[in-house]
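Asker: What follows is a single structure, and I will ask about it in a moment.
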Amino acid sequence: MSEKAEKRVNGKMGAPLGWIRQHWGELAVVVGLILFPYIFGLLSGTSVSQGATKFWQGQLIVMFIMAVYAMSYDLLLGYTGILSFGHAAFFGGGAYAMALFLTHVAPKVTDSYRIMVGSINIADLLMLLAGFLLAVLVAVLLGLLFSAVSSRVKGAYFAMITLAMGQAIHILSKATDFVDWTGADEGLHGVPVPIWLNPTQFRLRFYFIALAFMLIMYLITRRIVNSPTGRVFVAIRENESRVRMIGYNPAVYRSIAFVTAAVIAGLAGGLYALWTMSATPSMTSSALTINALIMGILGGIGTLIGPMLGAVLREFLGHFFYQWFGARWPLVFGVLFILLVLFLPYGIVGTWRLRRLELRQGWQRFLRLFKPEKE
Amino acid sequence: MTGDSPEREVILEARNLRKEFGGLVAVEDVSGKIYAHTLHSIIGPNGAGKTTLFNLLSGTMPPTRGQIFFKGKDITHQPPYRMVHQGLGRSFQITNIFPNLTVLENIRLAAQAMGHDSFKLFQHASRFQRYEDRAREVIKVVGLQGLEPVLARNLAHGQKRKLELGIMFAGDPEILLLDEPTAGMSSEQVPELLEILQRIMARGDKTIVLVEHRMDMVMSISDFITVMHLGQILAEGTPQEIAANPLVQKAYLGALYGDLGAT
Ligand SMILES: Nc1ncnc2c1ncn2[C@@H]1O[C@H](COP(=O)(O)OP(=O)(O)OP(=O)(O)O)[C@@H](O)[C@H]1O
Ligand SMILES: [Mg+2]
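Shown next as structure tokens:
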């Protein structure tokens, strides 16, 4: 105990310095992201709210939101070992909850109540909060629905049921029956986001909000995976039958994983609706679900940071590949993705943590693709 | 049934327990009692149905027919996680651990399961020191000190068997179902295990049901022995009675000793 006690005392005495030394990598990233708009502006000679600087703030905002989305999927796939094919339903559910609320409900309230503090109408702020709350509520319900319907099946059947439910939500978002509310195929556009949060007018402000959102969601999720509940998630991933024989009901913990992942994805969706000022069926599509999978595998599942990095990489590559290869960019990306999976099967962060680059095995896996299987 | 004395407390009872796998009857209408605070061994050749019986008793598999009573309560269709909370622990013949978690975490998880903190999503697990303390205590009992940070899959076979037991001990069960704890152990490692079991029995408040192929061990530590064969109970009694039972002796014990090599 003495060693541990000593460490604790030392940690307290040199608290801020010691803490900084321990987390300098993370801190550097955060500081870098805070300074990014200014440094980019200086380097490119544009003001922070114009031209390329503004454009790249927008790119980063999307990366931050997608990073949270990919991270929420990691809670399921990487930590609990749940391979679900309906994750976009949670993201899209949050986006639609926010957009529908701001379009159809909030204006009725903000028109009649005005509580001004400076230039901000507090009623607007409350409506935003209510929008996020609604996104959370929708996500909780969807998470419960997914875990309830899929709880009795395993393996391929599980994947198919989650896929089917994801598609059901997608079809619902496109349904012409609700065209007056959702805009059906077209989606909802021009969602009345409060003026002071307008992503075009106040890009830098939105940038910092999205950055703060990502950091907070990361800290919360990291805490969840290190909590007593999170430890049970990992145990389920490792050996579900044994989990049952030491006194846990895996079905309950799987539901908790589903609901928490859904809430985090739903919040990301809510913010995304504010950013695009819209909600469209593409936000509930299976393509978006597959993106969560791709981002996770790219970065390394079961690491939280990995899928976030994967999301950033995916957006970056998407941007540049589109410029270089035009509409055929997914093809190039697909080839690159296959190579990455062959050479970095644990993803970027996973490989980094293992300190093991399996180049030779990767090459052999690559060759095997072209050789017919010998019996 | 032999050794039946009315004043003894029955902790676990099977009534006409049956398990069929397709056409195969693995456990055929088995009835029997386990008395509290005794060590009761179940022996029998490979395929006799011992593991299947454990699977039924621990709730891992539903029986085709029959009932199970634990402390007088019908627990026939209870899931295993509920059994654990009622005081029934079980270890596996084929090592069943968390291979990619550390030794400490393997046992800590089992200790945590017995508390009321497993639904705390927003607190760090290290805040719940009592589970870690409990895990370290158990690690000492099974003799895995110094291996706490090692990933379970990197343990030697004998150490994995100890971890298997440790995971069960962490839940502090009243009754322990041990399925061949010595499976794959070298003979030098057996006395250590024997000592662990004797220490548990010496406390006087635990019941052990032991499936075991090592006859010398079974004969020396058991209070009662049940002999199973082809899903049925062939004989039951104290070690002396079993050793003296002509049926067991003639038709059977020889074959059992022959089994030793095969395990
Ligand atoms: N899940 C299962 N599905 C089908 N048959 C099974 C299953 N489990 C066990 N059996 C069969 O039931 C019979 C009893 O098996 P069981 O594992 O209970 O025997 P055992 O007494 O534990 O043997 P051993 O000493 O080899 O461990 C065997 O014939 C086995 O093949
Ligand atoms: Mg067996």
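Taken in sequence, the protein lines are chains A and B. Our numbering applies: residue 1 is where the first sequence begins, and numbers increase by one. Our numbering applies: residue 376 is where the second sequence begins, and numbers increase by one. Just so you know, even glycine gets a beta-carbon here, dropped at the ideal spot from N, CA and C.
According to DSSP, which residues form a beta bridge with H604 of chain B?
Answerer: The partner list for H604 of chain B (beta bridge, DSSP) reads B:Q607.
Asker: So if I threshold CB-CB distances at 7 Å, which residues from the region 481-493 of chain B count as touching chain E?
Answerer: The structure shown contains no chain E; its protein chains are A and B.
Asker: Who are the near neighbours of T46 of chain A in its chain, counting only those whose CB is closer than 7 Å to its CB and skipping five residues on each side?
Answerer: Cβ neighbours of T46 of chain A beyond the five flanking positions: A52 and T53.
Asker: Within 7 Å of any Cβ in chain B, is that where the Cβ of N10 of chain A sits?
Answerer: Caution is warranted here: a pLDDT of 48 is assigned to N10 of chain A, below 50, making its placement in the model unreliable, and no coordinate value can be reported.
Asker: At least one CB of chain B closer than 7 Å to the CB of A217 of chain A: is that the case?
Answerer: Rather than Ala, the amino acid found at residue 217 of chain A in this sequence is Met. Chain B contact via Cβ: absent.
Asker: With a 10 Å radius around its C-beta and 16 neighbouring C-beta atoms as the bar for buried, classify M245 of chain A as buried or exposed.
Answerer: M245 of chain A should be labelled buried.
Asker: Measuring CB atoms only, is the region 84-104 of chain A touching the region 263-280 of chain A, in the sense that at least three cross pairs come out at less than 8 Å?
Answerer: The answer is yes - the region 263-280 of chain A touches the region 84-104 of chain A, with three or more Cβ pairs under 8 Å.
Asker: Beta carbons nearer than 9 Å to chain A: which residues of the region 537-550 of chain B have them?
Answerer: Those residues of the region 537-550 of chain B that come within reach of chain A (Cβ to Cβ, closer than 9 Å) are I542, M543, A545 and G546.
Asker: I want to see whether chain A comes within less than 7 Å of N529 of chain B, judged by CB atoms only; does it?
Answerer: False, the Cβ-Cβ gap to chain A never drops below 7 Å.
Asker: Can you list the residues of chain A that N430 of chain B reaches, using a CB-CB cut of under 9 Å?
Answerer: Under the 9 Å cutoff, chain A gives no residues; its nearest Cβ is about 10 Å from N430 of chain B.
Asker: Find the residues of chain A that neighbour N421 of chain B, judging by a C-beta separation of less than 9 Å, and give them in chain order.
Answerer: Simply none; closest approach about 22 Å.
Asker: By alpha-carbon positions, which one of B:S466, B:D547, B:E480 and B:K408 ends up nearest to R536 of chain B?
Answerer: Out of B:S466, B:D547, B:E480 and B:K408, B:S466 has the C-alpha closest to the C-alpha of R536 of chain B.
Asker: Check for me: the alpha helix (DSSP H) holding Y424 of chain A runs from which residue to which?
Answerer: Nothing in the structure corresponds to residue 424 of chain A, since chain A is present only between 1 and 375.
Asker: For F396 of chain B, is the beta carbon positioned less than 6 Å from some heavy atom of ligand 1?
Answerer: Because some heavy atom of ligand 1 lies under 6 Å away, the Cβ of F396 of chain B counts as near it: yes.
Asker: Counting along the chain, where does the beta strand (DSSP E) carrying Q442 of chain B start and finish?
Answerer: Here the beta strand (DSSP E) through Q442 of chain B covers R440 to F445.
Asker: If you run the structure through DSSP and keep just helix, strand and coil, what is F337 of chain A?
Answerer: Reduced to three states, the DSSP call for F337 of chain A is helix.
Asker: Which residue wins for smallest C-alpha separation from T451 of chain B, given the options B:P420, B:I617 and B:L392?
Answerer: For T451 of chain B, the nearest C-alpha among the options comes from B:L392.
Asker: Relative to ligand 1, is the shortest distance from any of its heavy atoms to the C-beta of K425 of chain B smaller than 6 Å?
Answerer: Checking every heavy atom of ligand 1 against the Cβ of K425 of chain B, one is found closer than 6 Å.
Asker: Helix, strand or coil, according to DSSP, for H87 of chain A in the structure here?
Answerer: Reduced to three states, the DSSP call for H87 of chain A is helix.
Asker: Count the other C-beta atoms from every protein chain shown that fall within 10 angstroms of the C-beta of Y113 of chain A, then say buried if there are 16 or more, exposed otherwise.
Answerer: So Y113 of chain A counts as exposed.
Asker: Do the region 483-502 of chain B and the region 569-585 of chain B touch if we need at least three Cβ pairs shorter than 8 Å?
Answerer: No: the two stretches stay apart, fewer than three of their Cβ pairs being nearer than 8 Å.
Asker: Take E384 of chain B and list the residues in its own chain whose beta-carbon comes closer than 6 Å to its own, dropping the five residues that flank it on each side.
Answerer: Result list for E384 of chain B: A411, in chain order.
Asker: Is any non-hydrogen atom of ligand 1 found closer than 6 Å to the C-beta of A610 of chain B, if you look at the structure I gave you?
Answerer: No; taking the cut-off as 6 Å, the Cβ of A610 of chain B has no heavy atom of ligand 1 nearer than that.
Asker: Are the Cβ atoms of F146 of chain A and M165 of chain A separated by less than 7 Å?
Answerer: Yes, the pair counts as a contact, with Cβ atoms nearer than the cut-off.
Asker: Compute the minimum distance between the beta carbon of Q468 of chain B and the heavy atoms of ligand 2, and state whether it is under 6 Å.
Answerer: Flag set: Cβ of Q468 of chain B near ligand 2.
Asker: Run through the DSSP bridge pairs and tell me what E395 of chain B is partnered with.
Answerer: Per DSSP, B:V400.
Asker: Smallest Cα separation from I386 of chain B: which of B:P548, B:A527 and B:P614?
Answerer: The shortest Cα separation from I386 of chain B among B:P548, B:A527 and B:P614 belongs to B:P548.
Asker: What's the C-alpha gap between L298 of chain A and E507 of chain B?
Answerer: Roughly 35 Å separates the two Cα atoms.
Asker: Could you spell out the range, first to last residue, of the beta strand (DSSP E) harbouring G464 of chain B?
Answerer: That run of the beta strand (DSSP E) goes L463 to S466.
Asker: G612 of chain B and G424 of chain B - do their beta-carbons sit closer together than 7 Å?
Answerer: Not closer than 7 Å, so no.
Asker: Got a sec? Which residues, its chain only, sit under 6 Å from L134 of chain A by beta carbon, not counting five neighbours each side?
Answerer: Around L134 of chain A: A97 and F101.
Asker: Beta-carbon of A500 of chain B versus every beta-carbon of chain A: anything under 7 Å?
Answerer: Yes, A500 of chain B counts as interfacial toward chain A.
Asker: Residues in its own chain within less than 8 Å of R390 of chain B by CB, not counting five upstream and five downstream?
Answerer: So the list reads S406, G441, Q442, I443 and F444, once near-sequence residues are dropped.
Asker: Counting only the same chain and skipping the five closest in sequence on each side, list residues whose C-beta sits under 7 Å from that of G81 of chain A.
Answerer: Taken in chain order, the residues that qualify are I236 and R237.
Asker: Should D177 of chain A be labelled buried (16 or more other beta-carbon atoms within 10 Å of its own) or exposed?
Answerer: Classification for D177 of chain A: exposed.
Asker: Would DSSP call F497 of chain B helix, strand or coil?
Answerer: Coil at F497 of chain B, not helix or strand.
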